[in-house]
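For reference, the structure discussed in these notes is given below.
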Amino acid sequence: MGAIPVESRREPLPFNSDSPISMNDFSSLPYRPCVGVMLVNADGKVFVGKRIDTREGDWWQMPQGGVDDGEDLKEAAFRELHEETGVTRKHVKLLSQTREELLYDLPPELVGKLWKGKYRGQRQHWFLARFEGSDADIDLNAHKPAEFCDWKWVEAALLPDLIVPFKKRVYRAVLEEFKTLI
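The sequence shown: position 56 = 56 (the UniProt record's numbering), numbered continuously.
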């Protein structure tokens with residue numbers, strides 16, 4: 001029996017080594033619409049949070065998340081930033097947005113585990129924002145469930161070394177586009 005075409009499945013199948021899903025099947029899945037925020041403080045350092053759900057590795061990332069149907073990208077960026085960091089709009093000044101969407105594919109072993117198997121990866125719009133508050137304005141527990149268990153300010157050049165390997169290319173592209181504004 002061959003693989004089940006994506007279009008004819010009612011429920012996404014989980015991906016594992018015994019699954020009938022092949023690379024060709026999930027390559028036809030769409031990308032999840034997403035926004036990300038590079039939040040920079042007055043010292044030119046970038047906010048990163050340590051993912052609470054990371055079991056292996058010491059992975060940190062910038063705030064990011066899905067865009068709701070019909071949601072404005074800037075509004076989604078403000079919402080995600082607040083949900084993940086507690087930082088409100090009054091503490092942020094948006095400086096720039098990436099000119100194009102940046103795409104990444106999930107590794108095959110994660111396709112069926114994240115987002116109920118509906119997406120092959122993410123298509124991201126990134127925003128650069130200046131943090132105009134104080135560290136006391138950051139609250140990782142502002143919304144439940146929390147995304148991050150810790151946070152820190154880092155030099156922008158370190159970002160690709162902190163993120164999971166499959167997002168490195170996106171982080172390099174974000175850095176390249178925003179480097180003159182940081």
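Glycine residues also receive a C-beta, built at the ideal position from the N, C-alpha and C atoms.
Restricted to the stretch 91-163, the beta strand (DSSP E) segments that are unbroken, complete and at least 3 residues in length are 92-97, 102-105, 121-131 and 148-155, listed in chain order.
Taking 8 Å as the cut-off, the beta carbon of F148 is found no closer than this to the beta carbon of M38. Under the DSSP assignment, F47 falls outside any alpha helix (DSSP H), being part of the beta strand (DSSP E) whose first and last residues are K45 to R51. Nearest to V87 by alpha-carbon distance, out of G49, Q122 and W59, is G49.
Rounded to the nearest angstrom, the Cβ distance from K118 to L29 is 7 Å, consistent with a contact under 8 Å.
L73: member of the alpha helix (DSSP H) spanning L73 to T85, first to last residue. Rounded to the nearest whole angstrom, the C-alpha separation of F166 and D137 is 31 Å. By the 16-neighbour rule on beta-carbons within 10 angstroms, I163 is buried.
DSSP lists V35 as the bridge partner or partners of G65. Excluding residues up to 5 positions away in sequence, L159, P160 and I163 lie with their Cβ nearer than 6 Å to the Cβ of Y171 in the same chain. Following the DSSP letters along the chain, one finds K168 inside the alpha helix (DSSP H) bounded by residues K168 to F178.
Scanning K144, G66 and F78 for the CA closest to the CA of R89 turns up F78. Excluding sequence positions up to five before and after K45, its CB lies within less than 7 Å of the CB of W153, V154 and E155, all in the same chain and listed in chain order. Scanning its chain for C-beta atoms nearer than 6 Å, with the 5 sequence neighbours on each side dropped, one finds around I182 the residues V40, G44 and A156, in chain order.
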